[in-house]
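Student: These protein sequence lines are chains A and B, in that order.
Take the position in the first sequence, starting the count at 1, then add 9; the result is the number in the working numbering.
Take the position in the second sequence, starting the count at 1, then add 9; the result is the number in the working numbering.
Just so it is clear, CB atoms sit at the ideal spot from N, CA and C, and this is done for glycine as well.
Remember, it's a predicted structure, so these values are computed and weren't measured experimentally.
Number of protein chains: 2
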Amino acid sequence: MDEVNFIFEPRTVLLIGSSKMREKVGMASPQLFNNVTNNMRKYYSGKTLVFDTHRKGHKADLMQVGENADLAIIMLPAKESIPICEECAKIGIRALLIITGGYTEDQRAKLLGIKRKYKTRILGPNTIMGVINTSNGLNTTFEKNIMPKKGNIAVISQSGGVGAYLLDWACFFEVGISKFCFVGDKIDINDVELLRYLGRDDQTGVICIYVEGIKDGRNFIEEARKISKIKPILVLKGGITQESAHRAKSHTASIAGSDAIFDAAFKKAGMIRVENIEELMNAAVTLSKQPPMQGDNVAIVSNVGGPAILAADAVSRNCLALASLSKETKRKIENRYPGVDATNPIDMIADAKGERYSEVLSLVLADKNVDGVMIINMLKSTFFEPKDAKVIPKVASKYPNKPVVDVPAGGEDFVKLHRVLGKTSVPLFNLPEKAARALKVLRIYSQIVKKH
Amino acid sequence: MDEVNFIFEPRTVLLIGSSKMREKVGMASPQLFNNVTNNMRKYYSGKTLVFDTHRKGHKADLMQVGENADLAIIMLPAKESIPICEECAKIGIRALLIITGGYTEDQRAKLLGIKRKYKTRILGPNTIMGVINTSNGLNTTFEKNIMPKKGNIAVISQSGGVGAYLLDWACFFEVGISKFCFVGDKIDINDVELLRYLGRDDQTGVICIYVEGIKDGRNFIEEARKISKIKPILVLKGGITQESAHRAKSHTASIAGSDAIFDAAFKKAGMIRVENIEELMNAAVTLSKQPPMQGDNVAIVSNVGGPAILAADAVSRNCLALASLSKETKRKIENRYPGVDATNPIDMIADAKGERYSEVLSLVLADKNVDGVMIINMLKSTFFEPKDAKVIPKVASKYPNKPVVDVPAGGEDFVKLHRVLGKTSVPLFNLPEKAARALKVLRIYSQIVKKH
Numbered sequence: 010m011d012e013v014n015f016i017f018e019p020r021t022v023l024l025i026g027s028s029k030m031r032e033k034v035g036m037a038s039p040q041l042f043n044n045v046t047n048n049m050r051k052y053y054s055g056k057t058l059v060f061d062t063h064r065k066g067h068k069a070d071l072m073q074v075g076e077n078a079d080l081a082i083i084m085l086p087a088k089e090s091i092p093i094c095e096e097c098a099k100i101g102i103r104a105l106l107i108i109t110g111g112y113t114e115d116q117r118a119k120l121l122g123i124k125r126k127y128k129t130r131i132l133g134p135n136t137i138m139g140v141i142n143t144s145n146g147l148n149t150t151f152e153k154n155i156m157p158k159k160g161n162i163a164v165i166s167q168s169g170g171v172g173a174y175l176l177d178w179a180c181f182f183e184v185g186i187s188k189f190c191f192v193g194d195k196i197d198i199n200d201v202e203l204l205r206y207l208g209r210d211d212q213t214g215v216i217c218i219y220v221e222g223i224k225d226g227r228n229f230i231e232e233a234r235k236i237s238k239i240k241p242i243l244v245l246k247g248g249i250t251q252e253s254a255h256r257a258k259s260h261t262a263s264i265a266g267s268d269a270i271f272d273a274a275f276k277k278a279g280m281i282r283v284e285n286i287e288e289l290m291n292a293a294v295t296l297s298k299q300p301p302m303q304g305d306n307v308a309i310v311s312n313v314g315g316p317a318i319l320a321a322d323a324v325s326r327n328c329l330a331l332a333s334l335s336k337e338t339k340r341k342i343e344n345r346y347p348g349v350d351a352t353n354p355i356d357m358i359a360d361a362k363g364e365r366y367s368e369v370l371s372l373v374l375a376d377k378n379v380d381g382v383m384i385i386n387m388l389k390s391t392f393f394e395p396k397d398a399k400v401i402p403k404v405a406s407k408y409p410n411k412p413v414v415d416v417p418a419g420g421e422d423f424v425k426l427h428r429v430l431g432k433t434s435v436p437l438f439n440l441p442e443k444a445a446r447a448l449k450v451l452r453i454y455s456q457i458v459k460k461h
Numbered sequence: 010m011d012e013v014n015f016i017f018e019p020r021t022v023l024l025i026g027s028s029k030m031r032e033k034v035g036m037a038s039p040q041l042f043n044n045v046t047n048n049m050r051k052y053y054s055g056k057t058l059v060f061d062t063h064r065k066g067h068k069a070d071l072m073q074v075g076e077n078a079d080l081a082i083i084m085l086p087a088k089e090s091i092p093i094c095e096e097c098a099k100i101g102i103r104a105l106l107i108i109t110g111g112y113t114e115d116q117r118a119k120l121l122g123i124k125r126k127y128k129t130r131i132l133g134p135n136t137i138m139g140v141i142n143t144s145n146g147l148n149t150t151f152e153k154n155i156m157p158k159k160g161n162i163a164v165i166s167q168s169g170g171v172g173a174y175l176l177d178w179a180c181f182f183e184v185g186i187s188k189f190c191f192v193g194d195k196i197d198i199n200d201v202e203l204l205r206y207l208g209r210d211d212q213t214g215v216i217c218i219y220v221e222g223i224k225d226g227r228n229f230i231e232e233a234r235k236i237s238k239i240k241p242i243l244v245l246k247g248g249i250t251q252e253s254a255h256r257a258k259s260h261t262a263s264i265a266g267s268d269a270i271f272d273a274a275f276k277k278a279g280m281i282r283v284e285n286i287e288e289l290m291n292a293a294v295t296l297s298k299q300p301p302m303q304g305d306n307v308a309i310v311s312n313v314g315g316p317a318i319l320a321a322d323a324v325s326r327n328c329l330a331l332a333s334l335s336k337e338t339k340r341k342i343e344n345r346y347p348g349v350d351a352t353n354p355i356d357m358i359a360d361a362k363g364e365r366y367s368e369v370l371s372l373v374l375a376d377k378n379v380d381g382v383m384i385i386n387m388l389k390s391t392f393f394e395p396k397d398a399k400v401i402p403k404v405a406s407k408y409p410n411k412p413v414v415d416v417p418a419g420g421e422d423f424v425k426l427h428r429v430l431g432k433t434s435v436p437l438f439n440l441p442e443k444a445a446r447a448l449k450v451l452r453i454y455s456q457i458v459k460k461h
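1. Give the interface partners of A/Asp177 over in chain C, defined as CB-CB distance under 7 Å, in chain order.
2. Can the beta-carbon of B/Tyr219 be found less than 9 Å from the beta-carbon of B/Ser166?
3. Could you give the distance in angstroms between the alpha-carbon of A/Ile286 and the alpha-carbon of A/Ile242?
4. Is there contact here, the segment 359–372 of chain B with the segment 387–405 of chain B, by at least three beta-carbon pairs under 8 Å?
5. Rounding to the nearest angstrom, what Cα-Cα distance links B/Val283 and B/Leu289 in this structure?
6. Could you spell out the range, first to last residue, of the beta strand (DSSP E) harbouring A/Cys217?
7. When you compare the CB positions of B/Gly155 and B/Leu176, do they come within less than 9 Å of one another, or not?
8. Buried or exposed: where does A/Arg428 fall if 16 or more other Cβ atoms within 10 Å of its Cβ makes it buried?
9. Quick check on A/Cys94: does DSSP put it in helix, strand or coil?
10. Can you name, in chain order, every residue of its own chain whose Cβ lies under 8 Å from the Cβ of B/Gly160, other than the five neighbours on each side?
11. Any beta carbon of chain A sitting closer than 9 Å to that of B/Ala321?
12. By a C-beta neighbour count over all protein chains shown, 10 Å radius and 16 as the cutoff for buried, is A/Gln299 buried or exposed?
13. Flag this pair as yes or no: are the beta carbons of B/Asn312 and B/Tyr366 separated by less than 9 Å?
14. Just list the residues that DSSP pairs B/Cys190 with in beta bridges.
15. Skipping 5 residues on each side, what residues in its chain have a beta carbon closer than 6 Å to that of B/Ile216?
16. If we cut at 9 Å on Cβ distances, does B/Met84 have a partner in chain A?
17. Could you give the DSSP three-state label for B/Val458: helix, strand or coil?
18. Once DSSP output is grouped into helix, strand and coil, what is the label at B/Thr113?
19. Compile a chain-ordered list of the residues in the segment 200–222 of chain A whose CB is closer than 8 Å to at least one CB of chain B.
20. Helix, strand or coil: how does DSSP classify B/Asn44 here?
21. In chain order, which continuous runs of the alpha helix (DSSP H) of length 4 or greater are located wholly inside the segment 362–432 of chain A?
22. By a C-beta neighbour count over all protein chains shown, 10 Å radius and 16 as the cutoff for buried, is B/Asn410 buried or exposed?
23. Could you spell out the range, first to last residue, of the beta strand (DSSP E) harbouring B/Ser27?
24. Is it the case that the segment 199–213 of chain B contacts the segment 224–236 of chain B, given that we only count it when at least three CB pairs across the two stretches are under 8 Å?
25. Count the other CB atoms within 10 Å of the CB of A/Gly381; is the residue buried (16 or more) or exposed (fewer)?
26. In chain B, which residues lie with their C-beta within 9 Å of the C-beta of A/Lys65?
27. Note the first and the last residue of the continuous beta strand (DSSP E) segment covering B/Lys56.
28. Taking beta-carbon pairs under 8 Å, can you tell me which members of the segment 72–104 of chain A lie near chain B?
29. Excluding the five sequence neighbours on either side, which residues of its own chain have a C-beta within less than 7 Å of the C-beta of B/Gly304, listed in chain order?
30. Measuring only the C-alpha atoms, how far is A/Lys126 from A/Lys425?
31. Starting from A/Ser311 and walking both ways along the beta strand (DSSP E), at which residues does that stretch end?
32. Taking the alpha-carbon positions, what's the B/Cys94 to B/Ile123 distance?
33. Verify whether the separation of the beta carbon atoms of A/Ala104 and A/Leu71 is less than 9 Å.
34. Taking the continuous alpha helix (DSSP H) assigned at B/Val201, which residues delimit it?
35. Give the straight-line distance between the Cα atoms of B/Asn306 and B/Arg452, rounded to the nearest whole angstrom.
36. From A/Gly248 to A/Ala273, what does the alpha carbon distance come to, in whole angstroms?
Pasting the structure below:
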């Protein structure tokens, strides 16, 4: 068994912190210790043991408390954590997940010494929020009552802040998550091993990575190259300029190379690069719900004119093409719905309800000139009602090789449509531009699968 | 008095529709008539008269009902509307706002004939939602209970759908609106006159325009050029490609030229071009709340590392610069908060609360090397609480010539911070990239004001 498994799938977890010690820079505090303990008790389906180094009344004995644990979660200040880490290793705990930060070079060296001597693996230090596994409820974050919905998207974040940002996004928009991993300073377990683990993980279908720098770049690329044939890997890179790269270096002690080098490496590895957190989450949801797009030709099916034009612009900006519908498809649509001009982007007019969406979407998806569809369904200024949207995933499921994405207007309309479509296979976006970008990602992934 | 005034500031409005007639393509229906009537009764502070062409019991007499009206809202099918429009003109109604669409060339010519004969001005046809004026409550939309918050942003939309999209966005995110105008087919009142009206309108501080094509381009550019010195004009153009431009032509009967020509014209006019609806709304809110940015140098003040690095990347991508803080500023921050490295982007560490935000933001805004500030305040993974954000608008108001924008994480955190900061002068964004773009717009506007 790969030792990284113990990080995500331990049988028994030992939580180690102090009900007294507080250390600002490294984030150690009784409150953090308490919150993590509460989250573990609330969500984790395995066994949780707790070791408080400052427990009142009697001196605690780590060996007695933790001898059956295979993973220890360390929430102590750097200095105090070193002897405790060694004790953990001595009693046979297989992996250490170090939440706290602020370790000096010397302290890191000591941690690595422990690893070498006892073969105990280390994630961190400075992971801040540690890991989440939605399958077994493992949750070492210190945010109260935070647990993302179960799903097949895995996230690896080098930064605690960016990880927390992604977690906030995933929880709020109900993005389905398999694993969440805050890697921190990566003194031992690195991106390569995490990637390999997620590549083999049956619960994971899409992998998202936030990196500032990569250690062991050659192996990382090799591993990613193998995995990206089977499941898509999305990457967001922080520190693209000299100045921000300098800050990244001091932030997570990683060696940041030139951005162009990273870009070439990601391409070689079959990874899909995104530009920001929203795009990362949107792309992940789309890849987890919809098939790769086998060609460039997008049809737009809308109940309003202007937003359909903006959608067509966005398709062009993403170097995709507006599909030329076959004469047959056009004829069928126009015969059935007099007044509708079935030129792509198709404006089905403001009185289109579920029936018209269903019919036109079916005809368009059946057209061999169409590789994917963007639907626009405005509520305001039209007769469309949220329940009319129920036909969309039904029709889409009949054409499993052609992606369908949906765009309601961006405010109240989005919230209303999200209630109807949020849990279905059709991803929702609050702007045509975001939907076009999502289709582009599906196109890129089909090319990656073919090429590699 | 400019006749366009009657469109936005009538004393007495006559609503004309039919409780029987329904016509699909043009959107005429008893329901639409009823909804507009309800909205006008609910919101409008002036006098509302109603004329139903199919009122039961007795033949209605337009002259009796409407003789004191100065604006008529036409909600009849094209054919039936022509004689009614002429009657309105005859009895001295100064302006007609035609909601319904589907007019033939011949019918449009007849409307223009009425205009010439009686000097009655016409907005539309095919305006779909007509106008909103938040000062007097005029609201000719047919959406139930939709009224944006009062503010100083005006919107002109050539497309009903895009207008409805913007309205949905504005209502949901509580964007302060002065006037909302759906221009439709523009057979008479055109962009030039609307722009002139909004340029003079005291309630309007920022003008947003969605266009697919422009009539009378030379005058439009001239008018915009004059206004953009005094208030910013944002423009979103639909139909940037050959294909989508073709669709735009059939959609609102406008002549769409090459996109590069539009781009040059907008620049010449001092208009700021945006790429999508979200950017349009974000830019408008930012310009309505914050001063133009007088230089390129942005400081980032954050309680987390990773998102601050992404923010620095976004600053670079927008061709702005990371400010080099003076030695004095750095020394003061680092002396006061040991452990904080005051290199821009400044990571104030996860335990920063209101006090530290207040102190560091003051020092940074006082630094002559800084032209504007992006604040990042994550809640998750930190000790920051929503109420801590109250210091931000307070400190920002002491430096009225330097813009400050704020970025919480994008999901639940955003909602929580929006409750605290939404009504203040500090605009909020759910991604550093959007905040950087907003600062760029403030920079562009300061250059427009200087140049013209």
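Tutor: Once the coordinates are examined:
1. The structure shown contains no chain C; its protein chains are A and B.
2. yes
3. 14 Å
4. yes
5. 6 Å
6. Val215 to Val220
7. One point to set straight first is that residue 155 of chain B is Ile, not Gly, in the sequence displayed. Yes; because the gap between Cβ atoms is below 9 Å, this pair is in contact.
8. exposed
9. helix
10. Thr143, Val184, Gly185, Ile186, Ser187 and Ser297
11. yes
12. Classification for A/Gln299: buried.
13. yes
14. Here B/Cys190 is bridged, per DSSP, to B/Val140 and B/Ile165.
15. Ala163, Leu207 and Ile242
16. no
17. helix
18. Note: B/Thr113 maps to coil in three-state DSSP.
19. Tyr219 and Glu221
20. helix
21. For the segment 362–432 of chain A, whole alpha helix (DSSP H) runs of length 4 or above, ordered along the chain, are 363–375, 400–406 and 421–430.
22. Around the CB of B/Asn410, fewer than 16 other CB atoms lie within 10 Å, so the residue is classed as exposed.
23. No beta strand (DSSP E) holds B/Ser27; DSSP gives it neither H nor E.
24. Taking 8 Å as the limit for Cβ pairs, the verdict is that the segment 199–213 of chain B does touch the segment 224–236 of chain B.
25. buried
26. Within chain B, no residue comes near A/Lys65; the closest Cβ sits about 25 Å away, beyond 9 Å.
27. Lys56 to Asp61
28. For the segment 72–104 of chain A, which is checked against every Cβ of chain B, not one residue is closer than 8 Å.
29. Asp380
30. Approximately 57 Å, taken between the alpha carbons.
31. Asn306 to Ser311
32. Using only the alpha carbons, I get a separation of about 8 Å.
33. no
34. Asp200 to Arg209
35. 10 Å
36. A direct Cα-to-Cα measurement between A/Gly248 and A/Ala273 gives close to 16 Å.
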